[in-house]
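Taking it in order: structure first as structure tokens, then the write-up.
Residue numbers (our numbering): 88 to 1308.
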């Protein structure tokens, strides 16, 4: 019976095996996934379909001899399509088990005949009746998962009564019994105690989450698991005694005296039965089987690609022994899924998903002599396999799968025997099969025929056809199978490849070993997973980029299965699987169904990955790929290193290289050489290359860490437009649109066979074609025209390695679509949402020099990833030597024209100055902000739809409808204890003491609130582009109509100018220059009441700072509406992406008008009558107070009002006298 007894304790008093020695291993026609039972020297094993859906091998209940593993009989239950994944129970010569058709079967123990079958009691698809039957006091109990009904049967198959729990339960959970009571899960998260005599519930208890395991009973307690905890309940009342943290699976806990041992999603855990105290952990992979305790050891097995059986000391949690299965070569899993171990007479029995049944015991059976094999194999046309000769471990031979040797290789896998090949002077030779080897004395060897005709070529060269019968036999030359003692008969099936369905995309992708990327699931935007590039998900992601289609996948199953659920490709979504002929996406690798979900299937070089949108067989659930409506076909090339991209090279430029073996040497080469293209590609692709100095000149030594091999002479070769070059890469001068290919290999090799390839498409724009000219208009350069469709693309930041998703219809999307090599920096993404261009065509930003861009001759002032473009927009990316650079004066320009078709939906906004979540936010959706030099920008601090705030007893609390929709440009994210609202360039961050999420609504008690306004960029005459940003500490959620308006000016108004002068004077300073001012006007927001303080950041060019005395003299000064003024403590906070210096100050008084200025110490003021500090006579021009030749910024400070300078001197005198007094 499942888990040893009616109480489901999983405990036997006798010892189990003390080593991992196998007594025997038996082949199973299908997967042995049901929990087996051992009785009267026989092992009863429920089996169900394996992953080879094309074969219909016998399955159901299989009986084996417990001592030898010999199969005695098989009962196919309700027919060839019906298997079983339930446990088997035995009583009075009858075996009970559930079928995948939802029926309960009773089988004669001795003869294997069906005695009776119930009606369908479980409608759970695929699993059917997965509950392991319970035999208790003459009654057979089975629980139907689909409706949560406990059924009671007599041994004759009559159902006298049943009990409904009120709703469905998880598959595999089964009834347990003790003390005349039946304990059963029901209605999702409830546990019931049912009186077997009265058929009524003695008690029921609701647990916090759905029940995962079968109840286990011991010492007056009932133990059961959920996905998050292990619960111990009083068996008499159902009251909880204790609970402990546990990532529960379908694994049922074992009860061994005072110790409870439970399998989980991360291994085994042992608890004190009385208190729930954790005794030990045995970390590992997921355990779905139910552990069994025998003597002093607990046995369990893992559900992973190569499953492992573990024997662990119950007292210490230390491993005693283990046995790991070999991972199949066909991509499937050799896992232990649902066959829980059973121990009998010192032997441990367990089935695995590799078509094997294992018996572990300390005794050994003699290895049986090979007597031959007869069976069917399925071969796939176009596939290959490799063989290593036993006498040369370093050699490897590759043969066609559909050869006669390929049939033998497949038969050896299916039959569990081996064969060997010997390397000889005349080629590989079939040396042995099943341990019977070529006899060098008698020359007896293995011969073969096809369809009865002896073959005249080697087995590796004979190509088979569908239906062929290959016969191998051992004997002398001229003998026949009829007289041979050992024969292998193989019937071959080579299915015709299905007719291709309409392909959304069919192409090839190149994957690099060791590369990884980050994936964000469609259902969980706050989660990021690092995925190997050489997986099906890695290949699909590259195919989507190449084919310009989209896909989405959910992580809803990731915790359970370590993979993603593919939900749609290019908007074609999975249909409701419960409906007839529902279509969904299925994954196939080399013609076979993938063994795991998306992201968990590793690929090999030469694989063909296919995604079929098709229905499934209603009985077996096998995908019907012949009926596919859509396909995506991806051929896989895997290389040790690979890069394929485009670079733009500027004619007339040079670059320098230092050889790896001489740090004091420097070589200068033309940028438009083949080596220049490699140099630009290395920057764009973030890989390295090295040059070695030799007696005959510089030599290309390595690319991507793969270096010249001084033994084999393998090195990096190159060609241009497919023609192998006959000069060094530094000497080959390229032309526009040339394709340079580097590959690693022996002299005479080709890129097609190379293990590392770099392919570079070169663009060399005509000088002056990038938008220069003297009129600032459109001087007929060479424009790149790109068509931008709706959708997104991904780009990985060079500095962090993080992958970001970007709207295609943005300035960055246009650059990406143009095929220009570039890299990005996401240092400011977390704070402002902007990605900054770090390099283009290998030319990287250097200090204050770097890349800028304009749209329609205007500087947007936001990251190119946030600036939405329209049909007809003209985008110019140009290299800036200083803040005064323009495309007309730039030496390096890229000009792009945007086409957005009317049918694409485009960006309907009227914007040339940014939008979305960029640095120039709009006050409401569809309306872009004013981008004039001095115009104000509005930011609303109201809450989005679906976010509400209430004032309760403990303070402000918020609630968020996480399933609700947000307005355009809004993003609402709940992560940990933080709620983030990002819209229109303003990020509102709410930190809660805790956030509870239930039924799609997240609630939290507010702890702190900050509002950050992303950098706002403006052009100031004489200064170029500057930016400023704000971070506010708020006392609470602002009023719904709370608003901030931010404006910039090159000069302050009179009141601000006076206030700035007084503030400086009070600090013993005088103003030498004012760069610009920023005024923040508030609506329904009060300093001190709503705004507790603010951080002000203002930028200015390094040239301005240097001109006026350096960073130490720069200050941010504040002038408030109430007449107060102060110089804020100012610090240099860093450099922005444009090379400007960022100055930061804290304003405790909140928001008002701020100025960025330079100061110096005021001169000592003499005791002079105050009348000398009067304003000039009315006839004196105001500008006379400004010395001739003063900097424009200093002049502008004093030209505002005529009394400004005199007031400044007077204030200094008064402050100086006050200090002395």
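The beta carbon of each residue, even a glycine, is placed where N, CA and C say it ideally should be.
Look at residue 314 here: in three-state DSSP terms it is coil, with no helix or strand label.
Assigned with DSSP and collapsed to three states, residue 634 falls in helix.
Around the beta-carbon of residue 440, 16 or more other beta-carbon atoms lie within 10 Å, marking it buried. Selection 160, 495, 348 and 508 evaluated against residue 475 yields 508 as nearest (Cα-Cα). Excluding sequence positions up to five before and after residue 375, its CB lies within less than 8 Å of the CB of 336, 337, 338, 350, 390, 423, 424 and 425, all in the same chain and listed in chain order. Note that the C-beta distance between residue 821 and residue 814 is not below 8 Å. Only residues of its own chain outside the window of five on either side were considered, and among them 252, 254, 255, 256, 273 and 274 have a CB closer than 6 Å to the CB of residue 235, listed in chain order.
If you draw a straight line from the Cα of residue 1085 to the Cα of residue 1233, it is about 39 Å long.
Sequence-distant Cβ neighbours of residue 773 in its own chain, meaning closer than 8 Å and more than five residues away, are 885 and 910. In the three-state reduction of the DSSP assignment, residue 352 falls in the coil class, being assigned neither a helical nor a strand state. As the crow flies, the alpha-carbon of residue 1043 is around 16 Å from that of residue 1067. In this structure, residue 1201 sits near residue 1192, with a CB-CB distance shorter than 8 Å. With a cutoff of 8 Å on beta-carbon distance, residue 442 and residue 115 are scored as near each other. With fewer than 16 other beta carbons inside 10 angstroms of its own, residue 1197 counts as exposed. Three or more beta-carbon pairs separated by less than 8 Å are not found between the stretch 1114-1124 and the stretch 1148-1161, which leaves the two stretches without contact. In this structure the stretch 1159-1169 does not touch the stretch 1216-1228; the number of beta carbon pairs closer than 8 Å is below three. Between the alpha carbons of residue 307 and residue 150 lies a gap of roughly 36 Å. Under the three-pair Cβ rule at 8 Å, the stretch 575-585 counts as touching the stretch 462-474. Considering only 196, 500, 359 and 294, the residue with the shortest C-alpha distance to residue 327 is 294. The beta carbons of residue 607 and residue 614 sit closer together than 8 Å. In this chain, residue 690 is not harboured by any alpha helix (DSSP H), its DSSP state being neither H nor E. Boundaries of the beta strand (DSSP E) around residue 161: 158-162. With distances taken between CA atoms, residue 609 lies nearest to 645 out of 575, 620 and 645. At the C-beta level, residue 227 and residue 263 stay beyond 8 Å of one another.
Per the Cβ contact rule, the stretch 128-148 is not in contact with the stretch 378-390 (fewer than 3 Cβ pairs under 8 Å). Under DSSP, residue 1219 takes part in a beta bridge, and its partners are 1230.
Three or more pairs of CB atoms, one per stretch, sit closer than 8 Å, so the stretch 182-199 contacts the stretch 160-173. Residue 626 and residue 232 have their alpha carbons spaced roughly 38 Å apart.
Taking 3 residues as the minimum length, the beta strand (DSSP E) runs contained wholly in the stretch 538-612 are 556-562, 574-580, 590-599 and 603-606, in order along the chain. A contact is defined here as three or more CB-CB pairs under 8 Å, and the stretch 899-916 meets this definition with respect to the stretch 718-734.
Fewer than three beta-carbon pairs drawn from the stretch 563-576 and the stretch 657-676 are found closer than 8 Å, and the two stretches are therefore not classed as touching. Residue 1105 counts as buried, since at least 16 other C-beta atoms from the protein chains shown sit within 10 angstroms of its C-beta. About 16 Å separates the beta carbon of residue 1074 from that of residue 1115, a gap too long to meet the 8 Å contact definition. Between residue 1109 and the set 1097, 583, 767 and 1160, the nearest pair of CA atoms involves 1160. Taking a cut-off of 8 Å for Cβ pairs, the stretch 533-551 and the stretch 486-504 touch, as three or more such pairs fall below it.
The residues 588, 699, 700 and 701, in chain order, have a CB closer than 7 Å to that of residue 715 in the same chain once the five nearest residues on each side in sequence are set aside.
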